[in-house]
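Okay, so here's the structure we're looking at.
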Amino acid sequence: MREIVVFSGSAHPGLARQICDRLGVPLSPVDIKRFSNDCLQAQLLANCRQRDVYIVQPLVPPTQEHLMELLLMIDAARGASAAQITAVIPHFAYARSDKKDASRISLGGRLVADLIATSGAHRVLTMNLHAPQVHGFFSVPVDHLTALGVLADHFRGTDLTDSVVVSPDLGNAKEATQFSRLLGLPVAAGSKQRKSDDKVVIDSIVGDVAGKRAIVLDDEIATGGSIIELLDKLAEVGVTEAAVACTHGLFAGRAVERLRSHPMVSQVVTTDTVPSPAGWPELQVRTVSGLFAEAITRIHGGESVSILFDGVDPTHAPPQGSLFDKVGG
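Structure, rendered in C-alpha cells:
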C-alpha cells in the first residue's frame with residue numbers, strides 16, 4: 060500500500076499534529092515564503108512521488124491567505140507526482156457563499172471549489188458545511204464529516220433533566236433534530252431574519268421551551284450575533300439557562316466578550332476544527348482529530364467512510380434493501 064504523507068499550512072498546525080499522532084505518521088514539513096512583492100511560495104519538504112498526500116488547512120482568518128497557501132501546496136504536490144492528493148479542510152469558510160440572493164452577486168462557494176479541483180486535489184475531506192448543497196459544487200469526491208456525535212458525547216454525562224435542543228433558525232433545524240435524537244431530547248427552533256452579516260432578528264421560537272434549560276446548537280459561530288439574539292429571545296419566553304454548542308467556533312469580533320458576559324450562558328462547547336481564541340479558559344473544546352484520522356485511514360485503505368455516520372446521521376445509513384429486493388428482482 061502507498062505511504063501516507065501529511066502536510067499542514069499555517070492555519071491550524073496543532074490539529075494536523077493531533078491527526079498525525081492518531082495516524083502514527085510524522086507531520087511533514089512545509090516551507091512557505093513571502094516575496095517582496097507579497098506573493099507566496101510553498102515548498103513541500105518531503106517526498107510525495109507515488110504517495111497519498113493529505114494537506115490539512117481550515118479556511119480561517121486571514122481566509123484568503125490560507126486559501127492561497129492551500130492551493131499552492133496542492134499544486135506543489137501535483138508537481139511532485141503525488142499519487143492522490145486530498146485537501147483536508149475542517150472548516151470550509153466559503154460554504155456561506157452558496158446562493159444568488161441578490162443581483163450580480165458572486166457565488167464564492169462554487170468558485171473556490173473549482174479552484175481547489177483545478178489546483179490538483181483529487182478529493183476533499185471536510186466537516187459540517189454551513190450549507191450542505193455546497194457539497195455539490197465540487198467536481199471531485201467530497202467526504203463530509205459531522206461533529207454531532209462528538210458534541211453529543213460532551214453532554215451525555217451531564218444532567219439533561221428539563222432540557223431542550225434549540226436551533227437558531229429553521230435552516231439548521233435538521234441538524235438540531237439529529238442532535239436531539241442522540242440525546243433523547245425535544246427540539247425547538249428560532250424564526251430568524253438576517254438583516255446583515257452580523258445583525259439578525261429572531262421574532263419567535265417554534266417549540267415548547269418555557270421553564271426549560273436550552274442546549275443551543277449551531278454549525279458555526281462567527282460574531283455571535285445570531286446566538287445573542289436567540290439567547291435574549293429564549294430569556295423572554297422563560298428559558299432558565301442555555302449551553303451553547305457549535306462545530307466551528309470562530310468567535311470573531313466581540314463574540315468572546317458577548318458570550319462570556321451573557322447571563323443566560325452556562326457553558327460554551329466547540330470543536331478544534333479551527334484554532335481556539337486565546338484568553339478564554341472556560342471554553343470547552345472537543346477534538347475531532349480522531350474522526351479525521353479514521354476518515355483518512357479509510358480513504359487510504361479504500362474503505363467506506365459512511366460507517367463514521369452510523370448512529371449519528373440516519374441520512375448516511377446504508378440502504379435497507381434495494382428496490383429490486385422489494386419487487387422480487
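60 is the number of the first residue of the sequence shown in our numbering; add one for each residue after it.
Just so it is clear, CB atoms sit at the ideal spot from N, CA and C, and this is done for glycine as well.
Straight-line gap, residue i to residue j (C-alpha atoms, nearest Å)
i, j, result
"V147", "T346", "15 Å"
"D221", "E279", "25 Å"
"P378", "L204", "For P378, the predicted model reports a pLDDT of 40, less than 50, meaning its position is unreliable and no value from the coordinates is stated."
"V182", "P149", "A small fix is needed here, since residue 182 is Arg in this sequence, not Val. Cα to Cα, the separation comes out at about 13 Å."
"L103", "L129", "12 Å"
"V386", "D369", "Note that V386 scores a pLDDT of 46, beneath 50, so its modelled location is shaky; the value from the coordinates is reported in the next line. Near 27 Å, if we compare the C-alpha coordinates of D369 and V386."
"S178", "G297", "52 Å"
"A75", "R61", "20 Å"
"G68", "A302", "33 Å"
"Q326", "F238", "17 Å"
"L207", "I114", "24 Å"
"A352", "H213", "20 Å"
"Q100", "D277", "36 Å"
"A142", "G361", "14 Å"
"N106", "A139", "8 Å"
"M186", "R272", "28 Å"
"V275", "F94", "45 Å"
"R81", "G270", "43 Å"
"T145", "K158", "26 Å"
Per DSSP, the bridge partner or partners of residue i
i, result
"A301", "A273 and V324"
"L289", "Looking at the DSSP assignment, L289 forms no beta bridge with any residue, so it has no partner."
"S67", "V115"
"G308", "I280"
"T185", "I148 and H203"
"T330", "R345"
"L86", "V65"
"S178", "DSSP lists no partner for S178."
"V265", "A248"
Best match in the options for proximity to residue i [C-alpha to C-alpha]
i, options, result
"V260", "R182, I286 and R357", "I286"
"T330", "V324, R313 and L350", "L350"
"R240", "G249, P227, L219 and L188", "L219"
"A304", "A75, R313 and V209", "V209"
"G338", "F310, E128 and D160", "F310"
"Q123", "L174, F197, V371 and D212", "L174"
"D90", "A135, A247, T356 and V328", "A135"
"P88", "S95, F66 and C107", "F66"
"R230", "V223, T217, T145 and A247", "The amino acid occupying residue 230 in the given sequence is Gly; Arg does not appear at that position. When each option's Cα is compared against that of G230, the closest is A247."
"G444", "A161, A235, V112 and G284", "Past the boundaries of the shown model lies residue 444; the chain is included only from 60 to 388, so the question cannot be answered."
"A172", "V201, A70, C98 and I144", "V201"
"A211", "S263, D228 and G243", "G243"
"G283", "I274, R272 and R319", "R319"
"E288", "L276, E300 and D262", "D262"
"P191", "S165, R317, F151 and I164", "F151"
"V112", "V364, I164, I358 and S365", "I358"
"Q109", "P245, V64, S250 and L188", "V64"
"I389", "T299, P227, E300 and K233", "Outside the displayed range of the chain (60 to 388) lies residue 389, so it cannot be described from this structure."
"C251", "K233, K292, P245 and I78", "Looking at the sequence shown, residue 251 is not Cys but Lys. Cα-wise, what sits closest to K251 is K292."
CB contact check: residue i to chain C, cutoff 7 Å
i, result
"L130", "Looking at the structure shown, chain C is missing, and only one protein chain is on hand."
Whole-number beta carbon distance between residue j and residue i, since they are thought to touch under 8 Å
i, j, result
"V225", "V268", "7 Å"
"G312", "S335", "That pair is no contact at about 16 Å."
"A314", "A281", "7 Å"
"V333", "H71", "7 Å"
- Runs of alpha helix (DSSP H) wholly within the stretch 197 to 251 (minimum 4 residues, chain order): Counting only runs of 4 or more, we get 207 to 215 and 232 to 242.
- Enumerated in chain order, which unbroken segments of the alpha helix (DSSP H) with a length of 4 residues or greater are wholly contained in the stretch 91 to 155? Runs of the alpha helix (DSSP H) inside the stretch 91 to 155: 122 to 138.
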